[in-house]
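Our numbering applies: residue 1 is where the sequence shown begins, and numbers increase by one.
Every residue gets a Cβ at the ideal spot worked out from N, C-alpha and C, and that includes glycine.
See structure below.
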Amino acid sequence: MNNLAVAFLKTTPLLMSVSAAEECRSRNDRQSYFAITRDLVQAQFILADAELSRRLWQEVADRDLEVGRILHLLYGCACHDDDNEMTLADDTFLAMGID
1 MNNLAVAFLK TTPLLMSVSA AEECRSRNDR QSYFAITRDL VQAQFILADA
51 ELSRRLWQEV ADRDLEVGRI LHLLYGCACH DDDNEMTLAD DTFLAMGID
């Protein structure tokens, strides 16, 4: 190994801390919920495509995503393209502690 690689390995942790891993997982989880919600908005409200909506809801079930959380995002936001509004709605839902 060259000196640069050795120096990098000595100064860079190979594993994330538990809190950093949890934050990363939470951020990815939230982005998954936002993405499927936006797909559902497009399928149900814009395209009125029953088959696409059915497939998306099946994906929700297959991925074991929380239906209540998605419904809250679907109906709790006026603008699903606004990450800040989606985050606020999601935080509100998560604070309710509903499973």
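Any non-hydrogen atom of the ligand GDP closer than 7 Å to N28 Cβ | The ligand GDP is not among the ligands present in this structure, which contains no ligands whatsoever.
Residue of D64, A43, R63 minimising C-alpha distance to R54 = For the purposes of this step, residue 54 is taken as residue 54 along the sequence shown, with counting starting at 1. Closest option to R54, Cα to Cα, is A43.
According to DSSP, is I70 helix, strand or coil?
-> Taking the sequence shown and counting its residues from 1, the one referred to as residue 70 is at position 70. It is helical.
Provide the residue span of the alpha helix (DSSP H) that contains R63, from first to last.
-> Taking the sequence shown and counting its residues from 1, the one referred to as residue 63 is at position 63. No alpha helix (DSSP H) holds R63; DSSP gives it neither H nor E.
Since I70 and I36 are thought to touch, with beta carbons under 8 Å apart, how far apart are those beta carbons, to the nearest angstrom?
-> Translated into positions along the sequence shown, residue 70 becomes position 70. Translated into positions along the sequence shown, residue 36 becomes position 36. Correct: roughly 7 Å between the Cβ atoms.
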